[in-house]
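*Asks:* Residue numbers (the working numbering): 126 to 567.
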Ligand code: GLU
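Right under this line is the structure:
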């Protein structure tokens, strides 16, 4: 069975880059009748916060990316302890006592000599007596995994064949001085025990993958299929990190964009296929193909979400929004008409409220000096309410006869006078919805 996981650390809110990972893992599982696990990588006790785990779940629920199982690394510490013992017994885990500044000095020397700054494994040759002395002097050491120096190769679902020479890497620290297990070990133990078959994550994890492949083998697990997606940049190629705040999913949610707009964009971003606005996740699952994604950095522009969200809303039937429209206070007799009239002119449901206020309370008219007289003449012959579908056509025909205005010069000042906007829905349909015309009272 296909089993995937999305494994965020609850040390911050999810952003669009995380969503890319979550979505791909979700889709791989849903494409077959697989399982999608939400795993909270919360071994860092200081930085992990309940508020962030809550917000991660809220965001995923908003998007409809429901998980089959929730796992927390903080509940699994004894498994990591066991795995560490296993590695220690095999001679693959060793204690090292260098301080950060000693390590920095070593790296500096290596760089000066034109060598890569790889940990020199000095701790491997410490005798038991030396270790005891260091421990009493400095406290516990860190525990490093002893890499086999070899080329680790895999066929990546996105990058194709990847080959990494582990001799160019430092033996990774798996356990900190204070006993905290680091992600590199915890993730491997979980992936093995949870029988993860496919791991999709950002390309910043490629080196980790080489290391983790070795740890998986050492622990007797089977290596899952890996795919590493490219990292996102801003619209001009600028580093995404600077925009993470603005691209937090909760911030996007507050703008009112539709979840399907965001999902549809992300399902195609980084492929050469055009963006299609999907109606629901099932359609998206059917279309998903991870091999369509390219390896190069991918630009993300949140502004693209608004037209996509509008496109999505345009396709909704009245029934899908009836409750929300009722909540705005639109009378039942006008509700469906209101939806059909405005749906082509909104990007988010929040825009519906804006239109309803314009119709209910009247808009502050926008009348240019040179149009003032014309508008006054026109308003004088505006028929009394109630308006119907023909009011606009009849009225503007009469206005045309009474003035020398034609086309845009006639329609635009009237639209602006009545709605305060230079664009919007068809005025024929707008007239019956207008409850108040402020321009008339001026
Ligand atoms: N907690 C890790 C991260 O957020 C998970 C990476 C992985 O998918 O293995 O980067």
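Just so you know, even glycine gets a beta-carbon here, dropped at the ideal spot from N, CA and C. None of these values were measured; they are calculated from a predicted model.
Could you compute how far the alpha carbon of residue 239 sits from the alpha carbon of residue 228?
*Replies:* In the chain shown, residue 239 corresponds to position 114, counting from 1. In the chain shown, residue 228 corresponds to position 103, counting from 1. Rounded to the nearest angstrom, the two C-alpha atoms are 17 Å apart.
*Asks:* For the candidate residues 470, 197, 366 and 292, whose alpha-carbon lies nearest to that of residue 551?
*Replies:* The count along the chain shown starts at 1 and reaches residue 551 at position 426. When each option's Cα is compared against that of residue 551, the closest is 470.
*Asks:* Distance, Cα to Cα, residue 246 vs residue 302?
*Replies:* If you number the chain shown from 1, residue 246 lands on position 121. If you number the chain shown from 1, residue 302 lands on position 177. Rounded to the nearest angstrom, the two C-alpha atoms are 17 Å apart.
*Asks:* When you compare each of 545, 466 and 528 to residue 557 by their alpha carbons, which one comes out closest?
*Replies:* The count along the chain shown starts at 1 and reaches residue 557 at position 432. Ranking 545, 466 and 528 by Cα distance to residue 557 puts 466 first.
*Asks:* Based on DSSP bridge pairs, tell me the residues matched to residue 255.
*Replies:* By 1-based counting over the chain shown, the position of residue 255 is 130. Residue 255 pairs with nothing; no bridge assigned.
*Asks:* Residue 129 lies in the beta strand (DSSP E); which residues open and close that run?
*Replies:* Numbered from its first residue, the chain shown carries residue 129 at position 4. 128 to 131 is the span of the beta strand (DSSP E), which, as asked, contains residue 129.
*Asks:* Between residue 272 and chain B, is there a C-beta pair that is closer than 7 Å?
*Replies:* Going by chain labels, chain B is absent from the structure shown, which holds only one protein chain.
*Asks:* Nearest to residue 133 by alpha carbon, out of 311, 468 and 490?
*Replies:* Translated into the one-based positions of the chain shown, residue 133 becomes position 8. Checked all of 311, 468 and 490; the closest Cα to residue 133 is 311.
*Asks:* From residue 289 to residue 452, what does the alpha carbon distance come to, in whole angstroms?
*Replies:* As a first step, residue 289 must be located in the chain shown, where it is residue number 164. As a first step, residue 452 must be located in the chain shown, where it is residue number 327. If I take the Cα positions, the gap works out to 58 Å.
*Asks:* Taking the alpha carbon of residue 412 as the reference point, which residue from 391, 423, 429 and 380 has its own alpha carbon closest?
*Replies:* Mapped onto the chain shown, residue 412 falls at position 287. Nearest of 391, 423, 429 and 380 to residue 412, Cα basis: 391.
*Asks:* Opposite residue 219 in the DSSP bridges: which residues?
*Replies:* Residue 219 sits at position 94 when you count from the first residue of the chain shown. According to DSSP, residue 219 bridges with 269.
*Asks:* Should residue 199 be counted as a contact of the ligand GLU given a C-beta to heavy atom distance under 6 Å?
*Replies:* What you label residue 199 is simply residue 74 of the chain shown in a count that begins at 1. Not under cutoff, so the answer is no.
*Asks:* Is any non-hydrogen atom of the ligand GLU found closer than 6 Å to the C-beta of residue 180, if you look at the structure I gave you?
*Replies:* What you label residue 180 is simply residue 55 of the chain shown in a count that begins at 1. Answer for residue 180: no, Cβ out of range of the ligand GLU.
*Asks:* Put residue 191 into one of helix, strand or coil per three-state DSSP.
*Replies:* As a working mapping, residue 191 is identified with position 66 in the chain shown. Residue 191 falls in the coil class under three-state DSSP.
*Asks:* Counting only the same chain and skipping the five closest in sequence on each side, list residues whose C-beta sits under 7 Å from that of residue 529.
*Replies:* As a first step, residue 529 must be located in the chain shown, where it is residue number 404. Cβ neighbours of residue 529 beyond the five flanking positions: none.
*Asks:* How big is the Cα-Cα spacing for residue 172 and residue 363?
*Replies:* As a working note, residue 172 is residue 47 in the chain shown. As a working note, residue 363 is residue 238 in the chain shown. Going by the C-alpha atoms only, they are around 27 Å apart.
*Asks:* Looking at the strands, I want to know which residues DSSP matches up with residue 340.
*Replies:* Position 215 of the chain shown, counting from 1, holds the residue named residue 340. Answer is none; residue 340 lacks a bridge partner.
*Asks:* Mind reading off the beta-carbon distance from residue 136 to residue 159? Whole number of angstroms is fine, and I expect it under 8 Å.
*Replies:* Counting from one through the chain shown, the residue named residue 136 turns up at place 11. Counting from one through the chain shown, the residue named residue 159 turns up at place 34. Contact doesn't hold; Cβ gap of about 28 Å is too wide.
*Asks:* Checking 7 Å against the spacing of the C-beta atoms, do residue 266 and residue 306 come in under that value?
*Replies:* Here residue 266 is taken as the residue at index 141 of the chain shown, counted from 1. Here residue 306 is taken as the residue at index 181 of the chain shown, counted from 1. For residue 266 and residue 306, no; Cβs fall outside 7 Å.
*Asks:* Using only CA atoms, which one of 496, 162 and 462 lies nearest to residue 315?
*Replies:* Counted from its first residue, the chain shown places residue 315 at position 190. With distances taken between Cα atoms, residue 315 lies closest to 162.
*Asks:* To the nearest angstrom, how far is the alpha carbon of residue 219 from that of residue 293?
*Replies:* What you label residue 219 is simply residue 94 of the chain shown in a count that begins at 1. What you label residue 293 is simply residue 168 of the chain shown in a count that begins at 1. Cα to Cα, the separation comes out at about 19 Å.
*Asks:* Pull the bridge partners of residue 424 from the DSSP assignment, please.
*Replies:* Within the chain shown, numbered from 1, the residue matching residue 424 stands at position 299. Residue 424 pairs with 358.
*Asks:* Per DSSP, which residues does residue 327 bridge with? Please list them.
*Replies:* Here residue 327 refers to the residue found at position 202 when the chain shown is read from its first residue. Bridge partners of residue 327: 354.
*Asks:* Helix, strand or coil for residue 211? Go by DSSP, reduced to three states.
*Replies:* Translated into the one-based positions of the chain shown, residue 211 becomes position 86. Here residue 211 sits in helix by DSSP.
*Asks:* Name the residue from 387, 273, 365 and 258 whose alpha carbon lies nearest to the alpha carbon of residue 342.
*Replies:* For the purposes of this step, residue 342 is taken as residue 217 along the chain shown, with counting starting at 1. Checked all of 387, 273, 365 and 258; the closest Cα to residue 342 is 273.
*Asks:* Tell me the residue span of the alpha helix (DSSP H) that contains residue 536.
*Replies:* By one-based count along the chain shown, residue 536 stands at place 411. Element bounds for residue 536: 532 to 544.
*Asks:* Whether or not the stretch 175 to 184 and the stretch 278 to 287 are in contact is what I'm after, with contact meaning three or more pairs of Cβ atoms, one per stretch, closer than 8 Å; do they touch?
*Replies:* With the cut-off at 8 Å, the stretch 278 to 287 and the stretch 175 to 184 do not touch.
*Asks:* Could you check whether the stretch 140 to 154 touches the stretch 378 to 396, counting it as contact only if at least three pairs of C-beta atoms, one from each stretch, sit closer than 8 Å?
*Replies:* Taking 8 Å as the limit for Cβ pairs, the verdict is that the stretch 378 to 396 does touch the stretch 140 to 154.
*Asks:* Decide if residue 497 is buried, meaning its Cβ has at least 16 other Cβ atoms within 10 Å, or exposed.
*Replies:* For the purposes of this step, residue 497 is taken as residue 372 along the chain shown, with counting starting at 1. Exposed, because fewer than 16 other Cβ atoms sit within 10 Å of the Cβ of residue 497.
*Asks:* Among 335, 357 and 449, which residue has its Cα nearest to the Cα of residue 349?
*Replies:* The count along the chain shown starts at 1 and reaches residue 349 at position 224. With distances taken between Cα atoms, residue 349 lies closest to 335.
*Asks:* Going by other Cβ atoms of all chains shown within 10 Å of its Cβ, with 16 needed for buried, is residue 269 buried or exposed?
*Replies:* Your numbering for residue 269 matches position 144 in the chain shown. Burial call: buried.
*Asks:* Secondary structure at residue 240, three-state DSSP: helix, strand or coil?
*Replies:* Residue mapping note: residue 240 aligns to position 115 of the chain shown, counting from 1. In the structure shown, residue 240 sits in coil (DSSP, three-state: anything other than H, G, I, E or B).
*Asks:* Can you find a heavy atom of the ligand GLU that lies under 6 Å from the Cβ of residue 133?
*Replies:* Here the question's residue 133 lines up with position 8 in the chain shown. Yes; taking the cut-off as 6 Å, the Cβ of residue 133 has a heavy atom of the ligand GLU nearer than that.
*Asks:* Since residue 285 is in the beta strand (DSSP E), which residue starts that stretch and which ends it?
*Replies:* Against the chain shown, residue 285 aligns to sequence position 160. Run containing residue 285: 285 to 290, per the beta strand (DSSP E) assignment.
*Asks:* Between the alpha carbons of residue 538 and residue 544, how many angstroms are there, rounded?
*Replies:* Your numbering for residue 538 matches position 413 in the chain shown. Your numbering for residue 544 matches position 419 in the chain shown. So the two alpha carbons sit approximately 10 Å from each other.
*Asks:* Below 8 Å, can you find three or more Cβ-Cβ pairs linking the stretch 444 to 463 to the stretch 346 to 361?
*Replies:* Output reads no: the stretch 346 to 361 does not touch the stretch 444 to 463.
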